[in-house]
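These notes concern the structure reproduced below.
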Amino acid sequence: MRKQKHMFVVFVALALLLCTGILAGEPKQGQKLTATDSMGRTLGPSDFDGQVVTHQKQLWESEVPFVPRDPDRTWWPYTEKIGDYRFTSPRVEEMRDSQINVNGVAIVDIENVGLALNALPKDLVLESGEQLNKPYGFYLIKIEGRTRGDSEIKALTDAGVILGEYLPVNTYIAKIPSEKVGEVKSLPFVSYLGDYHPAYKISPEIGLKKVPATELYDESGNPKPWKFDLTLHQGADVKNVLENLSQMGIFVKDEDIHINEYENFITIETMPEGVVEIAKIPEVKWIDEKPFIQLHASSTSPSTIPMLLQNNWTFTTSTSGWKLWNAGIDGNASGTAQIIAVQ
34 MRKQKHMFVV FVALALLLCT GILAGEPKQG QKLTATDSMG RTLGPSDFDG QVVTHQKQLW
94 ESEVPFVPRD PDRTWWPYTE KIGDYRFTSP RVEEMRDSQI NVNGVAIVDI ENVGLALNAL
154 PKDLVLESGE QLNKPYGFYL IKIEGRTRGD SEIKALTDAG VILGEYLPVN TYIAKIPSEK
214 VGEVKSLPFV SYLGDYHPAY KISPEIGLKK VPATELYDES GNPKPWKFDL TLHQGADVKN
274 VLENLSQMGI FVKDEDIHIN EYENFITIET MPEGVVEIAK IPEVKWIDEK PFIQLHASST
334 SPSTIPMLLQ NNWTFTTSTS GWKLWNAGID GNASGTAQII AVQ
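Following this line, the structure appears as structure tokens:
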């Protein structure tokens with residue numbers, strides 16, 4: 034009996050201790066947000082435009098709130114909306130052979146190209162033959178049917194075509210020397226050759242992607258420049274891109290030029306109103322807001338969801354644990370490295 038009473042007292046004491054710890058760690062309702070790094074140093078303004086933190090927000094999300102910069106797209110100067118077929122375009126197997134899904138921005142049917150072009154801002158549609166005034170241009174090349182073979186690819190490359198990204202159905206974005214455009218267009222398997230218009234280059238997610246609140250304003254309360262990734266065409270003249278950007282007052286750091294065997298993009302900082310003029314640079318293929326990685330995990334315990342997998346704790350080595358860690362992928366031998374999952 035005495036032993037049972039003693040155990041009861043222990044359980045009550047543990048319960049009180051646990052509750053005390055939880056209540057002590059819970060932020061007060063209305064508490065202003067403060068973001069710090071791993072050393073406890075403040076990263077930015079403490080009020081974040083007056084947004085407050087709740088217990089759930091602090092427990093499950095990053096302490097710095099992520100918000101869209103401009104969900105109403107107030108920077109967009111045209112009455113025509115930005116093309117957006119990301120969620121409404123038909124599946125590839127449902128598309129007709131005559132259709133092209135251009136970056137989720139436009140669905141072009143080669144039997145009635147004007148239908149798609151009329152929905153785009155006229156300022157972002159090239160005049161017919163406009164690219165022929167330059168040494169080369171960037172085009173959509175559609176191959177007849179739904180398949181292509183080595184013979185078609187060889188005929189195109191022999192004609193001086195530099196093939197870039199593939200688009201459904203059976204279409205390539207391509208760089209073509211102006212003196213070869215007529216020859217390429219007359220190839221028997223080419224069912225369509227059309228301009229790659231500036232309107233095709235603008236991501237419908239610009240302004241909608243969530244970024245850290247600390248990215249919105251500087252210490253004086255002025256809007257910060259936005260960060261954009263500019264994907265370039267295959268065969269693009271990088272020097273020409275940089276010169277065009279410098280004429281707009283945009284100067285790119287060397288470390289923001291990612292041109293190699295695996296990457297083909299440039300990161301810039303500018304206000305969103307500049308996107309329209311950037312889209313008119315021929316070598317630019319795609320403009321999108323730079324993504325920010327957001328951690329959603331917040332615990333090292335497998336019984337708490339979401340979870341941050343770190344340090345080789347007991348549960349990570351169990352038979353039902355994590356396969357990557359069990360395979361020896363654990364950062365380094367020091368025991369201080371961490372593996373984290375990001376979304």
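Following this note's numbering, the numbering of the sequence shown begins with 34 at its first residue and continues without gaps. Backbone N, C-alpha and C define an ideal beta-carbon position, used for all residues, glycine too.
Query: So if DSSP puts K213 in a beta bridge, which residue, or which two residues, is it bridged to?; Result: DSSP output for K213 lists no bridge partner at all.
Query: Nearest to L173 by CA position, among N166, P154, W108 and V217, is which residue?; Result: V217
Query: In the region 216–292, which residue ranges form an unbroken alpha helix (DSSP H) of at least 4 residues, counting only runs that do not cross its ends?; Result: 271–280
Query: Measure from the alpha carbon of F171 to the alpha carbon of each residue in S279, F325 and V317, then state which is nearest.; Result: V317
Query: Give the DSSP-derived three-state secondary structure of K323 in the structure shown.; Result: coil
Query: Measure from the alpha carbon of P98 to the alpha carbon of each residue in V141, L249 and I140, then state which is nearest.; Result: L249
Query: For the alpha helix (DSSP H) containing G193, list its first residue and its last residue.; Result: Per DSSP, G193 belongs to no alpha helix (DSSP H) and is neither H nor E.
Query: Go to A149, then tell me how far its alpha helix (DSSP H) extends in each direction, as first and last residue.; Result: V146 to L150
Query: Would you mind reading off the limits of the alpha helix (DSSP H) that contains I299?; Result: It is not in any alpha helix (DSSP H) - I299 instead sits in the beta strand (DSSP E) that spans N297 to T303.
Query: Step through the CB atoms of chain D and report whether any lies within less than 9 angstroms of the CB of N273.; Result: Looking at the structure shown, chain D is missing, and only one protein chain is on hand.
Query: Can you give me the C-alpha to C-alpha distance between P324 and K242, rounded to a whole angstrom?; Result: 7 angstroms
Query: How would you label L189, buried or exposed, when you count the other beta carbons within 10 angstroms and need 16 or more for buried?; Result: buried
Query: Among N145, K187 and F120, which one has its Cα closest to the Cα of Q132?; Result: N145
Query: Taking V308 as part of the alpha helix (DSSP H), name the residues at either end of that continuous run.; Result: V308 to I311
Query: Keeping to the same chain, check which residues put their C-beta closer than 6 angstroms to that of I283; ignore five residues upstream and five downstream.; Result: I301 and T303
Query: By DSSP, does V138 sit in helix, in strand, or in coil?; Result: coil
Query: Ignore the nearest five residues each way along the sequence and tell me which others in Y229's own chain have a CB closer than 7 angstroms to its CB.; Result: F171, Y172, L173 and I206
Query: Along the chain, where does the beta strand (DSSP E) that runs through G178 open and close?; Result: Premise fails: G178 is in no beta strand (DSSP E) and is neither H nor E.
Query: So P154 is in the beta strand (DSSP E); what residue range does that whole segment cover?; Result: Note, P154: premise wrong, no beta strand (DSSP E); not H, not E.
Query: Take E238 and list the residues in its own chain whose beta-carbon comes closer than 7 angstroms to its own, dropping the five residues that flank it on each side.; Result: D321 and E322
Query: Less than 8 angstroms between C-beta atoms, sequence neighbours within five positions excluded: which residues of the same chain meet that for A312?; Result: L157, P231, A232, K234, I235 and I320
Query: Checking the sheet assignment: what are the DSSP bridge partners for F171?; Result: K208
Query: Would you mind giving the Cβ-Cβ distance between L165 and S219, rounded to the nearest angstrom? I have them listed as a contact below 8 angstroms.; Result: 15 angstroms between Cβ atoms; not a contact.
Query: Suppose the cutoff is 7 angstroms on Cβ atoms and the five residues either side in sequence are ignored; what does the same chain contact list for P104 look like?; Result: G240 and L241
Query: Tell me I314's beta-bridge partners as DSSP assigns them.; Result: Looking at the DSSP assignment, I314 forms no beta bridge with any residue, so it has no partner.
Query: Determine the contact status of G137 and Y118, defining contact as a CB-CB distance below 9 angstroms.; Result: yes
Query: Report all residues from its chain with a CB closer than 8 angstroms to the CB of D289; omit the five preceding and five following residues, and keep chain order.; Result: I299, T300 and I301
Query: I think W259 touches P305, with their Cβ atoms under 8 angstroms apart; what is that distance to the nearest whole Å?; Result: 5 angstroms
Query: Please state whether DSSP places P100 in a helix, a strand or coil.; Result: First, the amino acid is wrong: residue 100 is Val here, not Pro. DSSP places V100 in strand when its eight states are reduced to three.
Query: So what does DSSP say about I186, is it helix, strand or coil?; Result: helix
Query: Kindly indicate which three-state DSSP category L159 falls into: helix, strand or coil?; Result: coil
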